[in-house]
Every structure is written in structure tokens, then in C-alpha cells.
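Working notes, beginning with the structure itself.
Residue numbers (my numbering): 13 to 482.
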């Protein structure tokens, strides 16, 4: 009798083993049975990564009669600024008030968008609720270079001054004083066009690298790498993924019609995950940390990447956030055409679940460096002057013909800037424009970007022609 029970036990174990092994071919076991299932680790793991991309797009310095703008931070200005901010937010005593004042000499960190203050304070473990209530958002952080215990934060509407004996920004001031301003871009103030004065300093840049040849980060024809990316995304589900190639050449990976990963022929990676049951949470820090954590583990952030926009979204009745990231290239901002709704990196998060992820990164094509050279560009003021519409309302917009970059073709041009817009200009800079996601368009255009209170104009810096208006 004992021998029969022993045989039955062995037989039962063998049956279980057979079921398990066959399930790897025919069945999909629940994910908790899988030893390699992807699991989100604690948000604390992202602490070292958040400050890599939660950083300003530029640093503006006015010091000792010097004025310049830096798009790279080789001496660690932002890292030291974070230390001072941490002390300011955690100061047990101090003054946090609204003010119209602005320091005479300053170091200003500019963000592309209003950053919710909670992303800073929760990450810094700030317990002073007064900071969250008064500051609300961070658009600019300004350090008074003549007063080391005072900082200012512009929240998109008001200027907030924080004063405390615990604040000490002397090391920041020392870093600024160590800069050789003679090697930095010069700016001109109080430039006039007609009777109107431009209210912001105008960069006096006359050359830029052009053309700039680039390659899309992802090549749809590099099947081995694309398959590795798909395996990294689907993980244990990869064996059950259906792969197809569209007529256009796009690669598409589908799992149960719930998780879809597509790599377009132009290098755009796009996935959507409908299998996740979103959490009922609107914690912006939690969502941001999830976006950072996922991207670091998936493909990593682009070099010199930064958070450029934060939006509230609603997906299937669930509130969440859309985080958009951009990056600098050749120490200048890269801009993507809004006509085709391009973005370097766009992540939709509900709770701490990444629902949608779009990625389109361009890298310098090192094989064509010998074809790139510093060439002369039109001065910013000349570009503005040449694009001012001086016609009356009855005459309509002025249109003239101008040669293209090669000097051969002739194109009609609309003059988009009204005379009254000159005093509304709040930003002028030289950048690189990515016109499209077309495979043959593997080149960036050097552009002058003119921002006013209501509109942004993108002009070809060589011909002065309008490329796009936002």
C-alpha cells in the first residue's frame, strides 16, 4: 500500500512538471510565476537620475557688467544651485513672500515650462508646506549674486523671494566669478528697430555650424537591435508577440492587442500599453519618478536631455500627466516641427504606470563631420527687420521673393512680424531645427528663434526666411 502511494506521488509530481513545461509552449502562466518578470523598484532608485533631466534649458548670467547665456553647464552651476535650494526649502525659519523686486546682478536658471513645486519638495523631503502653497510652480530660479542669503523663484505668475540665514549661495557666486566671459557669447542691450526697443538682450552671434548631419537614433533596418528593444519592452511576453512589417516599412510588435510597439521607418519609437489598470492617483512626483525610472531602464535619456513640458491628461477617465523631454545638440536647443507634432521624448503616465511612450532622437552623424563647417549667419536684428510687415491693413501682408540657401531657387515669403510685436519680444536665440521625420531629411537647419508674448517664429538663420510659426 505504501509503495502504491509513493508511486502515485511520483506520478503526480511528474504530471505537474509536464504541465509546467508544456505551458511554456502552449499557455501563458500568470506573471507572478515568472522569475524574470519586470518589476518597478522603489521610487528612491530614481533619486540619482531625476536631477539629470530636471534641469534648466539655459543659465542666464548678469555679473560685473557681463551678460551671457549658457546652454551647457560644465562647471556644475545647477548642481550647486540644488544644494542651496534644498537648504532654502528646508530652512526652519525664513521669509517666503511675493515681491516685484529683482536683483541687479544674478544667476538665473530658466526652465522651458512651469515645473510643479512638488517634484522638487517631495524629492528633497521638504516638510515646510508653506513653500508648496506659495511657490506652486518653478519657471525660473534666480540667485542674487550680491546677497548670498536670498533667492527668487518665478512661478509663471509671480516672483517669490526666499530669505533665510540658512541660505548660502557664496559657492555659486564664486563659480560665476571664475567664468571667462570673453569666451562666451556677447549680447547687445536696448537694440532699437524703428521707434521700438527690443526689451531683451540680443545675442551677437554671426557664425554657426551648418549643415548639421544627423542620424535617427533607431534604424528600422537594424533588425537585431530592434528585436532586442522589443524583448526589453515585452520581457517574458516576447515569445507570444506577433511581429509584422507594414508596407511603409514600419515594424510592429503586438501582444494580445493590448501592448503595441511600433518603430517607424524614420526612427520614431511608439508604444501603447492598454493592459495596465491605472491607479487612482494624481501625484505628479510619483508619476514623474515613474517616467524617469522607466526611461532609464528602457533606453536611457538622450545626452543633454531635460524636462521641457508637463501637462495634465485624461485617459479613459483616468487623470495623469504627460511629460515631454527635449535636449541640446552642439550646445544649442533642438526644436522639432509642430506641423508634424514631433517631440524628442513624450511619456504619458497614470499613477506610476507608463501608458504611452514616444521617442524620436537625432544624433550627430560622425561619418559626415568633414562636411560640416562654421558659416556666417544673418544677425538676429537683421532677420527681425527683414520680417516686419510694414504694410497697412488694407494692403494685406507683404510678400517678396528671396533666394534659398543655395542662392538659386526663388521662393515667396510672408512677413509675419507686426511692428507692435517688437516691444513684446521676450527671447531671442540661435538653435537647430528638425523639420521632419522623413528618412531623407537627415539634416538640421540653423535657425533664429524669436519668441513674443503670444507667438514664436522660427527663421532660417542663413536666408532669413520664415520656416514655422507657433
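Where a beta carbon is used, it is the ideal one built from N, C-alpha and C, also for glycine. Just so it is clear, the structure is predicted and the values come from calculations on it, not from any experiment.
Check the DSSP bridge columns for residue i and list the partner residues they point to.
i: residue 286; result: BP columns for residue 286 are empty, so no partner.
i: residue 532; result: As shown, the chain starts at 13 and ends at 482. That puts residue 532 outside it, with no answer to give.
i: residue 468; result: 463
i: residue 401; result: 430
Are the beta-carbon atoms belonging to residue i and residue j less than 8 Å from one another?
i: residue 298; j: residue 364; result: yes
i: residue 81; j: residue 203; result: no
i: residue 93; j: residue 153; result: yes
i: residue 163; j: residue 103; result: no
i: residue 374; j: residue 480; result: no
i: residue 443; j: residue 345; result: yes
i: residue 399; j: residue 471; result: yes
i: residue 348; j: residue 354; result: yes
i: residue 196; j: residue 216; result: no
Against chain C, does residue i count as a neighbour if the rule is that its beta carbon must be under 8 Å from one of theirs?
i: residue 107; result: The chain inventory of the structure shown lacks chain C, comprising one protein chain alone.
Alpha carbon to alpha carbon, how far is residue i from residue j?
i: residue 172; j: residue 71; result: 19 Å
i: residue 343; j: residue 166; result: 25 Å
i: residue 269; j: residue 225; result: 38 Å
i: residue 1; j: residue 97; result: The question about residue 1 has no answer here: the residues shown for the chain are numbered 13 through 482.
i: residue 356; j: residue 478; result: 22 Å
i: residue 371; j: residue 280; result: 6 Å
i: residue 432; j: residue 142; result: 41 Å
i: residue 331; j: residue 67; result: 25 Å
i: residue 205; j: residue 401; result: 13 Å
i: residue 232; j: residue 221; result: 28 Å
i: residue 386; j: residue 467; result: 29 Å
i: residue 240; j: residue 274; result: 13 Å
i: residue 230; j: residue 160; result: 46 Å
Using 10 angstroms around the beta-carbon of residue i, count the other beta-carbons present and answer buried if the total reaches 16, otherwise exposed.
i: residue 181; result: buried
i: residue 128; result: buried
i: residue 252; result: exposed
i: residue 418; result: Low per-residue confidence applies at residue 418: pLDDT is 43, beneath 50, and the placement is therefore not dependable, though the value from the model is reported in the following sentence. Exposed, since its Cβ has fewer than 16 Cβ neighbours within 10 Å.
i: residue 317; result: buried
i: residue 249; result: buried
i: residue 358; result: buried
i: residue 185; result: buried
i: residue 307; result: buried
i: residue 465; result: exposed
i: residue 476; result: buried
i: residue 39; result: Below a pLDDT of 50, predicted positions are generally treated as unreliable, and residue 39, at 41, falls in that range; no measurement from the model is reported.
i: residue 287; result: exposed
i: residue 130; result: buried
i: residue 255; result: exposed
Taking DSSP as the reference, what is the three-state secondary structure of residue i?
i: residue 5; result: Absent from the model: residue 5. The displayed extent of the chain is 13 to 482, so no value can be given.
i: residue 477; result: coil
i: residue 383; result: helix
i: residue 299; result: helix
i: residue 227; result: strand
i: residue 482; result: coil
i: residue 4; result: Outside the shown range of the chain, which is 13 to 482, sits residue 4, and nothing can be said about it.
i: residue 249; result: helix
i: residue 207; result: coil
i: residue 62; result: helix
i: residue 396; result: helix
i: residue 430; result: strand
i: residue 84; result: coil
i: residue 490; result: Any property of residue 490 remains undetermined from this structure, which presents the chain solely from 13 to 482.
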